[in-house]
Amino acid sequence: MAYNNIYGGWGQGPSPSVFGALPYPTPPAPANFVTFYLTSFNPSVLNCTVIGPQQMTYFTIVTDPQMPTYTVIKDAKSRNIGLMEWQASPLVELRGVLTKQKVKHWLKLSHDQASRTMDVRGTRYLWTPQEQYINLYSSGSSPRLFGRVCRGQGTITVDIASEAMQLGLLDTMITATVLLQSGRNID
């Protein structure tokens, strides 16, 4: 069984498939959620493709080997919409959503190191690991599940609630997923 580590890594993976090359089972997304897949790692999530409904490419994550300290997020029309700068204290920027800032300030680790907060357009969200997922919740007195991330063999599954899509959280959720799954120190 896989388990999440909110610092960005993952515990041991699932047991090998008894069917050889067949994919690992992933529980279906909850009702009213849309599923995206980060796939085609080359060699990691820092160079991958984000596939959504109808197998369409929604984003491309690119780290040029000639400039390995920069990772760019491109939308379906190949426009640069996000940037990660890998330095001692990594930076993140998301066009029209997030001004350039330290990742540790945007995905702030809680004092007990059990969760991370994420502020988007003046609203606070909470990333919390639970079983094989890192879940994204709205904050407040009645938190709602807005999304979840699950790492599998050669892919990362991102389920996002329709409500979160309407709030424009898809690009921020993909950006946070790449940061959390990068294997790099983001604090």
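Following this note's numbering, the numbering of the sequence shown begins with 8 at its first residue and continues without gaps.
C-beta: ideal position from N, C-alpha, C; glycine also.
The structure presented is a predicted model; accordingly, all values stated were derived computationally and were not measured.
(1) Does the count of Cβ pairs from the region 109-128 and the region 155-163 closer than 8 Å reach three?
(2) Would you grab the beta carbon distance between Trp113 and Ser122 for me? Rounded to a whole angstrom, and I think it's under 8 Å.
(3) Leu45: which of Ala38, Pro37, Asn54 sits nearest, CA to CA?
(4) For my contact list, Asn101 and Thr184 are in at a C-beta cut-off of 8 Å; report their separation, rounded to the angstrom.
(5) Within this structure, are the beta carbons of Ile163 and Leu176 separated by less than 8 Å?
(6) Strictly by DSSP, which residues pair up with Pro7?
(7) With distances taken between CB atoms, is the gap from Val57 to Phe66 smaller than 8 Å?
(8) Which of the three DSSP states, helix, strand or coil, is assigned to Val110?
(9) Tell me which residue opens and which closes the alpha helix (DSSP H) that Met172 is part of.
(10) In three-state DSSP terms, what is Asp166?
(11) Candidates Tyr132, Gly159, Gln137: which alpha carbon is nearest Ser148's?
(12) Can you tell me which of Asn192, Val41, Asn142 puts its alpha carbon nearest to the alpha carbon of Met63?
(13) Do Lys109 and Ser117 come within 8 Å of each other at the CB atom, strictly closer than that value?
(14) Would you please state the rounded distance, in angstroms, between the beta carbons of Gln160 and Val52? I believe it to be under 8 Å.
(15) Which stretch, first to last residue, makes up the alpha helix (DSSP H) that contains Leu98?
Answer, in terms of the structure:
(1) no
(2) Rounded, the Cβ-Cβ distance is 14 Å, inconsistent with contact.
(3) Restricting attention to Ala38, Pro37, Asn54, the CA atom closest to the CA of Leu45 is found in Asn54.
(4) Position check: residue 101 holds Leu in this sequence, whereas Asn was assumed. At roughly 13 Å, the Cβ-Cβ gap does not stay under 8 Å, so Leu101 and Thr184 are not in contact.
(5) no
(6) Nothing about residue 7 can be reported from this structure: the residues present for the chain run from 8 to 194 only.
(7) yes
(8) helix
(9) 169-173
(10) Of the three classes helix, strand and coil, the one that applies to Asp166 here is strand, per DSSP.
(11) Residue Tyr132 holds the alpha-carbon nearest to the alpha-carbon of Ser148 among Tyr132, Gly159, Gln137.
(12) Val41
(13) no
(14) Not quite, the Cβ-Cβ distance comes to about 13 Å (not below 8 Å), so this is no contact.
(15) Per DSSP, Leu98 belongs to no alpha helix (DSSP H); it is in the beta strand (DSSP E), 98-101.
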